[in-house]
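Chemist: Per the UniProt record's numbering, residue 1 is the first one in the sequence shown, and the count goes up by one each step. Think of the CB as a built atom: it goes at the ideal place given N, C-alpha and C, for glycine as much as any other residue. All values reported here derive from a predicted model rather than from experimental measurement.
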Amino acid sequence: MSLVSVNGVPANTLTSRFSTTKPSNENSRFVRFIHRVDDRQLCREIMVTNPFSAKRKTSDRKRLWETIARNLMKINSPKFKTSLSERAVRERYMRIAQRFKTKMNEEIKASRISPAQSELDVLLEELTEREEMAEEERFQQGKKSEKDQEKAKDI
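Laid out in structure tokens, this is it:
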């Protein structure tokens with residue numbers, strides 16, 4: 001039995017453009033948070049470390065996210081990947097926080113009452129409030145420094 005070839009390429013080397021499999025080297029960079037337990041543990045660790053205390057896109061903030069990743073890898077139950085990166089942790093938090101905000105907005109619009117919240121929802125609500133407060137404080141400090149600079153120019 002011979003393999004059919006397409007345009008001179010043997011059929012066993014052809015791959016479908018709709019293939020859902022990924023090369024093994026790409027899989028190694030993806031982190032799977034499978035259960036809500038993982039998300040709860042992630043949120044608890046973020047609450048303790050509070051990466052929002054540092055300015056966005058700074059090495060201090062990156063170091064805090066790395067601390068969170070290291071602490072999650074030390075936990076035995078649920079067990080996280082040993083190659084957990086700060087980027088994966090940060091992106092997972094951003095994803096679940098965005099989902100939470102969308103869900104809460106939809107529920108409030110639909111029912112006009114506050115919906116019942118799970119532990120994860122409470123943690124996410126607290127974290128989003130912390131993040132917003134930290135951004136507001138930095139914004140206010142930026143305004144203060146601008147005013148101080150204007151006063152210095154006037155003098």
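Is there contact between the stretch 136-144 and the stretch 58-78, where contact requires at least three CB pairs shorter than 8 Å?
Modeler: no
Chemist: Would you be able to state if there are at least three C-beta pairs under 8 Å between the stretch 95-105 and the stretch 74-81?
Modeler: no
Chemist: Reducing DSSP to helix, strand and coil, say where Asn27 ends up.
Modeler: Numbered from its first residue, the sequence shown carries residue 27 at position 27. Any reading at Asn27 is ruled out, since the residue's pLDDT is 46, under 50, leaving its predicted position unreliable.
Chemist: Looking at the structure shown, is Lys153 part of a helix, part of a strand, or coil, going by DSSP?
Modeler: For the purposes of this step, residue 153 is taken as the residue at position 153 of the sequence shown. DSSP places Lys153 in helix when its eight states are reduced to three.
Chemist: What are the uninterrupted segments assigned as alpha helix (DSSP H) that are 4 or more residues long and contained completely in the stretch 48-136, given in chain order?
Modeler: 59-74 and 86-111
Chemist: Could you say which of Lys109, Met104, Gln149 and Ile46 lies nearest to Glu91 if we only look at CA atoms?
Modeler: Counting from 1 along the sequence shown, the entry for residue 91 is found at position 91. The shortest Cα separation from Glu91 among Lys109, Met104, Gln149 and Ile46 belongs to Ile46.
Chemist: Between the Cα of Arg112 and those of Glu119, Met104 and Ser118, spot the shortest distance and give me the residue it belongs to.
Modeler: Against the sequence shown, residue 112 aligns to sequence position 112. Comparing C-alpha distances from Arg112 to each of Glu119, Met104 and Ser118 shows the shortest one belongs to Met104.
Chemist: Have a look at Gln149 and Leu123 and give me their C-alpha separation to the nearest angstrom.
Modeler: One-based indexing of the sequence shown puts residue 149 at position 149. One-based indexing of the sequence shown puts residue 123 at position 123. Approximately 39 Å, taken between the alpha carbons.
Chemist: Of the choices Lys147, Glu132, Ala69 and Met94, whose alpha-carbon is the least far from that of Ser83?
Modeler: Counting from one through the sequence shown, the residue named residue 83 turns up at place 83. A check of alpha carbon separations from Ser83 across Lys147, Glu132, Ala69 and Met94 identifies Ala69 as the nearest.
Chemist: Nearest-angstrom Cα distance between Asn71 and Tyr93?
Modeler: In the sequence shown, counting from the first residue as 1, residue 71 sits at position 71. In the sequence shown, counting from the first residue as 1, residue 93 sits at position 93. In a straight line, the C-alpha of Asn71 is about 15 Å away from that of Tyr93.
Chemist: Reducing DSSP to helix, strand and coil, say where Arg44 ends up.
Modeler: Indexing the sequence shown from 1 puts residue 44 at position 44. Here Arg44 sits in helix by DSSP.
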